[in-house]
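Numbered according to the UniProt record's numbering, the sequence shown spans residues 1 to 320.
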Amino acid sequence: MYKLIISITFILIAGISFGQHISKADVKALQLKQDTLKKYAEDMINAQEPSDRFVADSLFVRGLVRALKTHNSFYYPFDSLQTVSKLCPPDSTFRIFTWQMKKDEYFYLQKGAIQYRTANGELKLVPLFDQSMFTSKPEDSVRSNRNWIGAVYYRIIEKTYNNKKYYTLIGFDSYTVSSNRKWIDVLTFDEKTGDPIFGGGYFSFKNDTTKKAPQNRFYIEYKKEAGTTFNYNPELDMIVYDHLTSETEEPERKETYVPDGDFEGFKWEKGQWVHVDKVFNFKLKEGEEPVEQTIRDANGNINEQRLLEQSQKNEKKKKQ
């Protein structure tokens with residue numbers, strides 16, 4: 001599941017080519033550093049011994065910081081780091097790195113950092129420290145980078161309201177040995193200091209039959225083996241996710257939750273994601289889930305099968 005999530009992450013640098021900003025010598029140096037980082041990144045997840053995973057994580061963090069100190073490193077994609085998510089919003093003002101380390105058989109620890117785009121090409125980096133293990137209600141707090149609710153982000157959505165930008169992050173957490181979590185969090189930046197702020201009363205349930213107060217962030221928790229839809233659908237301009245139910249009729253046990261064929265969602269309205277209780281008026285069968293299809297993969301390569309399928313769809317539309 002983790003590798004699947006990472007495989008669909010992408011870097012969007014708003015059409016900026018890194019080769020136009022980084023010297024050839026620095027590009028070559030970054031490529032060498034990336035080769036070293038790639039081994040550490042894989043060992044954080046796959047090394048057999050916990051001590052080896054911790055060492056790999058420490059070496060990766062130090063190596064990444066050294067690499068990012070390279071002039072104009074913001075424009076280098078680090079596309080060989082397949083177990084590390086690298087997301088950039090359409091306005092290209094920052095990018096966020098997130099990854100997870102396997103602490104033991106029962107627990108994953110999320111790590112991250114935000115790299116700001118700077119006018120002089122110098123490094124401005126803010127580390128993210130996962131504190132989700134120390135809170136029983138992670139959805140009910142506004143957070144800084146020092147007490148971040150960790151997730152490996154696979155989607156970023158940029159919205160504007162009253163001339164202020166809001167960056168919605170959708171991410172994955174290998175939560176426990178028996179359940180996963182998927183998160184939606186909203187990132188903003190302090191207007192004076194530029195410091196990141198995670199969360200706020202951005203998730204409204206005002207249209208629900210059962211009213212409840214807005215939440216600072218939102219998540220679903222579900223059975224480890226279950227496949228779930230939880231993503232932004234650009235055609236609907238909504239975040240769409242599976243409605244879950246306990247397959248054993250034990251609602252208190254989140255590790256028993258699986259999709260039941262219905263879909264819920266959130267629609268952006270006046271600075272809030274407003275809950276939509278039922279996205280469709282019919283249940284979709286297995287395999288019909290509203291999954292976003294892209295022609296290019298995370299590295300920008302054309303997916304021939306998707307290209308063929310999309311071409312066939314276009315031809316059908318022309319004949320109709």
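C-beta atoms are modelled at their ideal positions from N, C-alpha and C, and glycine is treated no differently.
For this session: Count the other C-beta atoms from every protein chain shown that fall within 10 angstroms of the C-beta of residue 297, then say buried if there are 16 or more, exposed otherwise.
Result: Any reading at residue 297 must be qualified, since the residue scores a pLDDT of 45, below 50, and its modelled position is unreliable; the value itself is stated next. Label assigned to residue 297: exposed.
Exercise. Who does residue 129 pair with in a DSSP beta bridge?
Worked result: 111
For this session: Decide if residue 257 is buried, meaning its Cβ has at least 16 other Cβ atoms within 10 Å, or exposed.
Result: buried
For this session: Round the Cβ separation of residue 277 and residue 264 to the nearest angstrom and send it over; I've been treating them as touching at under 8 Å.
Result: Contact between residue 277 and residue 264 holds, with the beta-carbon distance rounding to 6 Å and staying under 8 Å.
Exercise. For residue 118, which residues of its own chain have a beta-carbon under 8 Å away from its beta-carbon, when the five flanking residues on both sides are left out?
Worked result: 74 and 124
Exercise. Are there 16 or more other CB atoms within 10 angstroms of the CB of residue 330, so buried, or fewer, so exposed?
Worked result: Absent from the structure is residue 330, since the part of the chain shown begins at 1 and ends at 320.
Exercise. Curious, which full-length beta strand (DSSP E) runs of at least 3 residues does the stretch 202–251 contain?
Worked result: 218–223, 230–233 and 238–246
For this session: Report buried or exposed for residue 70, applying the criterion of at least 16 other Cβ atoms within 10 angstroms of its Cβ.
Result: buried
For this session: Using DSSP bridges, identify the partner residues of residue 275.
Result: 266
For this session: Note down the Cα distance separating residue 219 from residue 27, rounded to an integer number of angstroms.
Result: 39 Å
Problem set entry | Close Cβ partners of residue 140 (< 8 Å) along its chain, the five nearest in sequence each way excluded | 215 and 216
Exercise. For the candidate residues 85, 94 and 32, whose alpha-carbon lies nearest to that of residue 195?
Worked result: Taking only the C-alpha atoms, the option nearest residue 195 is 94.
For this session: On the DSSP bridge assignment, give the partners of residue 95 in chain order.
Result: 115
For this session: Identify whether residue 68 lies in helix, strand or coil by the three-state DSSP scheme.
Result: helix
Problem set entry | Three CB pairs or more closer than 8 Å across the stretch 80–94 and the stretch 30–50 | yes
Problem set entry | Close beta carbons around residue 121, own chain, < 6 Å, minus the five adjacent residues each side | 71 and 72
For this session: Round the Cβ separation of residue 273 and residue 204 to the nearest angstrom and send it over; I've been treating them as touching at under 8 Å.
Result: 7 Å
For this session: Flag this pair as yes or no: are the beta carbons of residue 149 and residue 230 separated by less than 9 Å?
Result: no
Exercise. Shortest alpha-carbon distance to residue 181 belongs to which of 193, 250, 236 and 132?
Worked result: In this structure, 132 is the residue among 193, 250, 236 and 132 with its C-alpha nearest to the C-alpha of residue 181.
Problem set entry | CA nearest to the CA of residue 44, picked from 112, 262, 100 and 31 | The residue among 112, 262, 100 and 31 with its C-alpha nearest the C-alpha of residue 44 is 100.
For this session: For the beta strand (DSSP E) containing residue 22, list its first residue and its last residue.
Result: It is not in any beta strand (DSSP E) - residue 22 carries neither H nor E in the DSSP assignment.
Problem set entry | Entirely enclosed beta strand (DSSP E) segments - the stretch 132–201, minimum 3 residues | Scanning the stretch 132–201 from its first residue to its last, the whole beta strand (DSSP E) runs of 3-plus residues come out as 152–161, 164–173, 179–189 and 196–198.
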